[in-house]
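First up is the structure itself, then whatever we jot down about it.
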Amino acid sequence: MKKTLFFAALVSCFVLTACGKKCCEKAHPCWAYNTTIYELNTRQVTAEGTFAAAEEQILPQLKENGIDIIWVMPCQPIGVITRKGTLGSYYSIKDYCDINPEFGTKEDFKHFVATAHEMGFKVILDWVANHTAPDHAWAQNEDWHYRDSLGNLMVQYDWTDIAKLNYGKQEMRQAMFEAMKWWLDEMNIDGFRCDVAGEVPTDFWNWAITELRKDYPTIFTLAENEDKAQELTETAFDMYYGWELHHLMNNVAQGKSTVNDLWAYFAKVDTTLRAKAIRMNFTSNHDENSWNGTEFERMGNAAHLFAAFTYIVPGMPEIYTGQINGNNHRLEFFEKDVIDLPTEGKAPEFALYQTLNAFRENNKALWSPEIGAPMYRLDADNDAIFACVRPFVCAKCNKENTVIAVMNMSAEEQTVTLQLGDYAGKYTCLCGHEAELAAEQTFTLAPWQYKLLSK
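With this note's numbering, letter number 408 in the sequence shown gets 478, and the count goes up by one each step, no holes.
Take a look at the structure:
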């Protein structure tokens, strides 16, 4: 076993240290490995709901918190025909190459991106390639959208404010590619989060993103999909959604699933999904918050534990608008509805995520594939405890980094004895205190308590 661990870590270390920037380009942009991604809901994150306000009020918060990538929800003009609610859905796009006046102007967005870059952020845009608003100009082009037998534009699901695009039309594909390239050329963004990516033909993504990378080789791409993650991440996408893991976290918090179910999930994806693909781990996003409830509604007292869990397991953690501010209400999707803010000072969640972001950045074992260390289950005598180790070894510099997580995934106090073997030694806790772990180590944890240790 130790030989296997050493080999895996050796490969990771070679990718990290062998040749600088080029080594990272084997799979993902260099800057994407030790990062956290933040989903920015421009409408709801400030009272003004503009890019200028977000630049002034939010970017400094995110920088202080230790966030690296800002994913901007769609910011183009919203369709009027069959609009939902007063303000409409961000995902009903009327013009791909313009800015919703609700949020500001093109110059405002450019300034937001330029300021973000100066502060060290990367900015990716939520891209809606599956459909447009019914009143998009493309609806005037023959066969660019699907239509029923009467010639009416076709919708999907209950999305009555959209019209599905027809990827059998080559001219439409080219226009979509040109629109994506416009945002890279003119707005200087760093990549795309692609909405319902599995509904768009994979061959389009493979062609379009490959072409975009010829001029922009370090763009980062996120697919809102897990079912087709194997094929989507083969060529086009760096990261996919960990939907199944997210639902498992909700179920464990609600007593419907167990720690063993989590380990069964990891055993499955380790054999069925591409090893270098990055899974996005999250406790909330715009869909979950608005339609299924906040992390506090779904996870209760386990919300903070599972926030930490998204940093410990392989992948990249995501934070949704309001999570660092302690927001605890469902944000209206089609109306103005500003996040909750603490009455004074910062919410406890700000320090939680700030600490977790620093912990991830400072421990290479936790970085994303293919640099981060593999995760292994520790031998424990209590199935209510999620206990894992992620050991990183650098053969070139002879340095090691090991992270151990011990998490009580139950609403009752639990005692567990772990067989640490060679992983025993002196560690630093997440809180900064030092701890000497024995080869056979016992922990007693309060309900939903967790310990993260590193050396």
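All residues carry an ideal CB built from backbone N, CA and C; glycine is no exception.
Return helix, strand or coil for residue i, following the three-state DSSP convention.
i	result
residue 349	strand
residue 141	strand
residue 404	coil
residue 92	Interpretation of residue 92 is limited by its pLDDT of 39, a score under 50 that renders its predicted location unreliable; no figure is taken from the coordinates.
residue 491	helix
residue 153	coil
residue 429	helix
residue 391	coil
residue 435	helix
residue 261	strand
residue 338	helix
residue 129	helix
residue 411	coil
residue 233	strand
residue 423	helix
residue 510	strand
residue 310	strand
residue 104	coil
residue 328	coil
residue 359	helix
residue 241	helix
residue 320	helix
residue 364	coil
residue 418	helix
residue 315	helix
residue 375	helix
residue 97	coil
Taking only the alpha-carbon atoms, compute the straight-line gap between residue i and residue j and give it to the nearest angstrom.
i	j	result
residue 355	residue 390	5 Å
residue 268	residue 294	7 Å
residue 91	residue 148	No answer about residue 91 holds up, because its pLDDT of 40 lies below 50 and its placement is not dependable.
residue 352	residue 203	29 Å
residue 524	residue 496	9 Å
residue 153	residue 104	39 Å
residue 94	residue 457	Below a pLDDT of 50, predicted positions are generally treated as unreliable, and residue 94, at 45, falls in that range; the measurement from the model is reported next regardless. Each residue's alpha carbon lies about 30 Å from the other.
residue 321	residue 327	5 Å
residue 316	residue 297	14 Å
residue 197	residue 251	12 Å
residue 397	residue 160	21 Å
residue 151	residue 290	33 Å
residue 462	residue 414	41 Å
residue 429	residue 158	39 Å
residue 499	residue 464	22 Å
residue 231	residue 163	9 Å
residue 367	residue 360	11 Å
residue 455	residue 380	16 Å
residue 486	residue 371	20 Å
residue 97	residue 349	14 Å
residue 134	residue 302	34 Å
residue 102	residue 218	43 Å
residue 86	residue 438	Unreliable placement is indicated for residue 86, whose pLDDT of 43 sits below 50; no coordinate value is reported for it.
residue 481	residue 432	31 Å
residue 333	residue 227	33 Å
residue 329	residue 362	23 Å
residue 395	residue 136	14 Å
Based on the DSSP secondary-structure assignment, which residues constitute the bridge partners of residue i?
i	result
residue 473	460, 524
residue 250	For residue 250, which the question treats as bridged, DSSP gives no partner whatsoever.
residue 110	142
residue 447	458
residue 386	350
residue 119	Paired residues: none, contrary to the question.
residue 505	497
residue 163	148
residue 515	484
residue 478	455
residue 220	The partner list for residue 220 (beta bridge, DSSP) is empty, contrary to what the question assumes.
Is residue i close to chain C, meaning its C-beta is less than 9 Å from at least one C-beta of that chain?
i	result
residue 357	Absent from the structure: chain C. Only one protein chain is present.
Any chance the region 302-316 sits against the region 392-406, with 3 or more Cβ pairs inside 8 Å?
When C-beta atoms of the region 302-316 are compared with those of the region 392-406, fewer than three pairs fall below 8 Å, so the two segments do not count as touching.
Secondary structure, beta strand (DSSP E): runs of 3+ residues fully inside the region 170-216:
Taking only runs of at least 3 residues, the beta strand (DSSP E) segments lying wholly in the region 170-216 are 192-197.
As an exercise, report each continuous beta strand (DSSP E) stretch of at least 3 residues that is fully enclosed by the region 274-305, in chain order.
290-293, all fully within the region 274-305.
Give a yes or no on contact between the region 180-192 and the region 121-129, applying the rule of three or more CB pairs nearer than 8 Å.
Short answer: they touch.
Would you say the region 138-148 touches the region 163-174, given that touching needs at least three Cβ pairs under 8 Å?
A contact between stretches requires three or more CB pairs, one per stretch, nearer than 8 Å, and the region 138-148 meets this requirement with the region 163-174.
For the pair the region 504-524 and the region 369-376, tell me if three or more CB-CB distances fall below 8 Å.
Yes: the two stretches touch, three or more of their Cβ pairs being nearer than 8 Å.
With a threshold of 8 Å, are at least 3 pairs of Cβ atoms found where one atom belongs to the region 273-287 and the other to the region 206-226?
No, because fewer than three Cβ pairs between the region 273-287 and the region 206-226 fall closer than 8 Å, the two stretches do not touch.
Quick one: any contact between the region 101-119 and the region 448-462, if contact means 3 or more CB pairs under 8 Å?
These segments do not touch.
Would you call the region 505-512 and the region 479-496 touching, i.e. three or more CB-CB distances under 8 Å?
At 8 Å Cβ cutoff, the stretches touch.
Between the region 277-289 and the region 237-251, can you find at least three pairs of beta-carbon atoms closer than 8 Å?
With contact defined as three or more Cβ pairs closer than 8 Å, the region 237-251 and the region 277-289 are in contact.
Evaluate the contact criterion for the region 429-448 versus the region 381-388: three or more CB pairs, one atom per stretch, below 8 Å.
Look at the beta carbons and you see the region 429-448 touching the region 381-388: at least three pairs across the two are nearer than 8 Å.
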